[in-house]
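A short write-up of the structure that comes next.
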Amino acid sequence: MFGITLRDGLIYALLISIVIGASAVGHYQRKTELLTEQNRTLQRENQLLTAQQQQQAQRLQQYQQQRDQLNHALQQQQQQADSRNQQLTEALEHEQNQDWRNQPVPDNIKRLFNHRL
């Protein structure tokens with residue numbers, strides 16, 4: 001009818017199949033390249049995020065160490081203040097120091113007030 005033989009039809013079908021196949025291969029190759037590039041980008045981002053996480057973990061550890069040192073120093077200061085308060089209380093409760101309002105300050109009281117931390 002169109003003057004195409006079976007052999008010509010098969011050749012045309014084969015050529016069309018090759019063109020469609022080549023087109024599909026090209027499409028999937030571009031898609032593979034795009035996905036590969038996206039994968040590389042995600043890997044770089046993952047490396048950056050991992051490095052940031054490690055830095056933050058180090059900063060957190062440094063902060064915790066600094067906090068512990070400050071807490072320790074604060075506890076020492078509190079112990080010294082408690083000890084000094086106890087010494088003052090004992091000195092003030094001592095009998096000879098009960099009536100010194102109009103007298104010179106006793107030496108042990110002077111010593112406690114002049115004592116520097």
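Here the UniProt record's numbering is used: the first residue of the sequence shown is 1, the next is one more, and so on. C-beta: ideal position from N, C-alpha, C; glycine also.
With respect to LEU112, GLN87 sits close: the two C-beta atoms are nearer than 8 Å. For VAL19, the enclosing alpha helix (DSSP H) begins and ends at 6-93.
Take the alpha-carbon of GLU93 and the one of GLN76: they are about 25 Å apart.
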